[in-house]
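Remarks on the structure that follows.
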């Protein structure tokens, strides 16, 4: 009897059982009660990770993170790390920066797996669509990709995936802005090399504009490098060159905050004279002035699903899966109606 | 000839050599030139970590992080992780939350070292002053503490430390506020169990008030839990109960941002009608409205010093050290003069 059996009998994931065992507040009362009942019925005594580890060899799960600065990934990472420890594995973390790679992310992944002798890998972000299948022939461990594009052509013989529908999310976001009366809608993507989510999100943006017969203006599509500073600079340039723009949709909350600063510095009151829409649903957005309207990704659930799925895959209880989760618009104060 | 020899010959740390090798922009030109010259003279060919790892057993450096959400630590972690990889080690990361431990952080550290078979450990945050020396008798690996209090009674037979002078930093911050004309100065600490930095910072605050003959009001000392939400709630309660307060000094930028939202919600314009001072020097503070005045910790240098020192300790080239780095006041827009 172990934590995975308890999870199975309770009809929940191992990460939920772990949260109940660790007295984590973030579990529904009925779920908690159910898990505790199963634990009691089974006379289950939780192992601590020390004991698990002493009786086994070191077992490693790798986590490969794209990009140096991404608080959305940081928040997911903490959930993933806790989950990995709870099932008696050790997390090996590796960040990489695509600019230094010429886009060869598949090689990074392969080296990581071979060097670190992993039992499984979770990749946060990245673009693995160009991977050559034969390079993966020797790799026998399960790989779960998350926060990558949902339509990327990946081979489910090689990978599992937990993600959102990036195109749909951006389509709905743009539609929301159009319905608020905006027509001069700019979008700020990450970077040009980001063939993952940026591509899909800009396609969703274009689809919505097209549906409402709003002409697509390529000057309205700019890059913000997924960080405050480049987003600030990019927004300043954009809004100076095209002052008719009434709203900017930034595909990360961090870029939205950087762009918001540019708006203030140019003399606009965000949420009154100009609108700003973010993406991710970071906690910081709630405390930003004005509170940031954003598209929330279910980061916590994505992280938990990654762990639960990876455990199943390692134990060969599941075949590779492609899990797509829902996003949600959080309306706060940074988007106003267009007052023409 | 390896990266450490190059570092020694160039008179810089291994992390600097690594940044030069990786073409990182953040190295002074003269330093870069010097390192490149030494590399050339020695005909040094950098190993990639794959080769190093294949020729050795896995070598692990543990990083133990206190607290679940702390962007200051996240920023340091990335530098530490890169540094660890560059010297051919693998980073094993573990977060822990003190609330679930009853404050027994020494035991967490001991288990971590034993379970993960580490060659060295870096601890970010935490309070190890109560550690019983005999519990550490079996531990022979080097331990570097960072972001802990500089005056904590620790045993340099057991630990090295890289930190700031927390009391002095808070004293200077409070003095700055007093010299801006403020007398009703509140301080927001982390949590009551945080015997590490909170204690020393509140002592610096009190020392400055005392020096200027300003009475210490214990209602002005509140807890903000190092996160947005508890800081928001705590600030709202504080400012409602004591409306005479003209400035809040929060000992983390994240708490300052949470408290700033409470100020806005209560109808104050931050930086005009009420003042707000942070601590850490996070990037986000620059893009906050109004831009956050804060005490900057040298997080990057702290991280680099940790790695450089740990390498020396692992190779038994150095005895334990206690490195104290300088903080710096960054004046932006969130603190104004008191207009009585």
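Protein chains in written order, with our numbering: chain Y, 1 to 340; chain R, 1001 to 1340.
Yeah, the Cβ is synthetic: ideal placement off N, Cα and C, and Gly gets one too.
Beta-carbon separation (whole angstroms), residue i vs residue j, contact threshold 8 Å
i                       : j                       : result
residue 142 of chain Y  : residue 160 of chain Y  : 7 Å
residue 1287 of chain R : residue 257 of chain Y  : 5 Å
residue 1265 of chain R : residue 1223 of chain R : So it is not a contact: roughly 19 Å between Cβ atoms.
residue 334 of chain Y  : residue 275 of chain Y  : 6 Å
residue 164 of chain Y  : residue 144 of chain Y  : No, residue 164 of chain Y and residue 144 of chain Y are not in contact; Cβ-Cβ is about 15 Å, not under 8 Å.
residue 1124 of chain R : residue 1146 of chain R : 6 Å
residue 1252 of chain R : residue 1226 of chain R : 6 Å
residue 1077 of chain R : residue 1108 of chain R : The Cβ separation is near 17 Å, so there is no contact.
residue 1262 of chain R : residue 1188 of chain R : Actually they are not in contact, since the Cβ atoms of residue 1262 of chain R and residue 1188 of chain R sit about 11 Å apart, beyond 8 Å.
residue 79 of chain Y   : residue 14 of chain Y   : That pair is no contact at about 12 Å.
residue 1284 of chain R : residue 284 of chain Y  : 7 Å
Contact with chain R by residue i, beta-carbon distance below 7 Å
i                      : result
residue 293 of chain Y : no
residue 59 of chain Y  : no
residue 279 of chain Y : no
Neighbourhood of residue i by C-beta distance below 6 Å, restricted to the same chain and skipping five residues each side
i                       : result
residue 44 of chain Y   : 1, 6
residue 206 of chain Y  : 216
residue 312 of chain Y  : 318
residue 183 of chain Y  : 214
residue 170 of chain Y  : 201, 204, 205
residue 1066 of chain R : 1125, 1126
residue 1081 of chain R : 1091
residue 271 of chain Y  : 290, 333, 334, 336
residue 306 of chain Y  : 122, 144, 146, 162
Test: residue i CB closer than 7 Å to a CB of chain Y
i                       : result
residue 1272 of chain R : no
residue 1128 of chain R : no
residue 1249 of chain R : no
residue 1300 of chain R : no
residue 1017 of chain R : no
Where residue i meets chain Y, residues with beta-carbon distance less than 7 Å
i                       : result
residue 1093 of chain R : 81, 91, 93
residue 1283 of chain R : 228
residue 1006 of chain R : Going along chain Y, no residue has its Cβ under 7 Å from residue 1006 of chain R, so there is no contact; the nearest lies around 20 Å.
Own chain partners of residue i with C-beta closer than 8 Å, once the 5 adjacent residues on each side are dropped
i                       : result
residue 11 of chain Y   : 34
residue 1209 of chain R : 1174, 1178, 1185, 1215, 1216
residue 110 of chain Y  : 135, 136, 139
residue 259 of chain Y  : 188, 224, 231, 232, 234, 235, 248, 250, 276
Same chain, Cβ closer than 7 Å to residue i, five either side skipped, listed in chain order
i                       : result
residue 1330 of chain R : 1281, 1293, 1294, 1296
residue 118 of chain Y  : 60, 61, 62, 92, 141
residue 1048 of chain R : In this prediction, residue 1048 of chain R has a pLDDT of 48, which is less than 50 and means its spatial position is unreliable; what the coordinates show is noted afterwards. Result list for residue 1048 of chain R: empty, nothing under 7 Å.
residue 1341 of chain R : Look at the range of chain R in this structure, 1001 to 1340, and you will see that residue 1341 of chain R is not part of it.
residue 26 of chain Y   : 19
residue 17 of chain Y   : 3, 6, 7, 10, 35
residue 324 of chain Y  : 150, 163, 164, 165
Chain R contact residues for residue i, given Cβ-Cβ distances below 8 Å
i                      : result
residue 425 of chain Y : Chain Y is shown only over 1 to 340; residue 425 of chain Y falls outside these bounds and no answer can be derived.
residue 232 of chain Y : 1287
residue 258 of chain Y : 1287
residue 85 of chain Y  : 1094
Where residue i meets chain Y, residues with beta-carbon distance less than 8 Å
i                       : result
residue 1264 of chain R : 289
residue 1002 of chain R : In chain order: nothing, as chain Y lies at least about 18 Å away.
Proximal chain Y residues relative to residue i, where beta-carbon distance stays under 9 Å
i                       : result
residue 1261 of chain R : 286, 287, 288, 289, 291
residue 1330 of chain R : The contacting residues do not exist; residue 1330 of chain R stays about 15 Å from chain Y at best.
residue 1339 of chain R : Here the premise fails: no neighbours, minimum Cβ distance about 22 Å.
Per DSSP, cross-strand counterpart(s) of residue i
i                       : result
residue 186 of chain Y  : Y:248
residue 1094 of chain R : R:1064
residue 1325 of chain R : R:1164
residue 1123 of chain R : R:1064, R:1145
residue 276 of chain Y  : Y:248
residue 1156 of chain R : Partner(s): none; residue 1156 of chain R has no beta bridge.
residue 222 of chain Y  : Y:188
residue 1296 of chain R : R:1280, R:1328
Partners in chain R for residue i, counting only beta-carbon separations shorter than 9 Å
i                      : result
residue 104 of chain Y : Chain R residues near residue 104 of chain Y: none, gap ~14 Å exceeds 9 Å.
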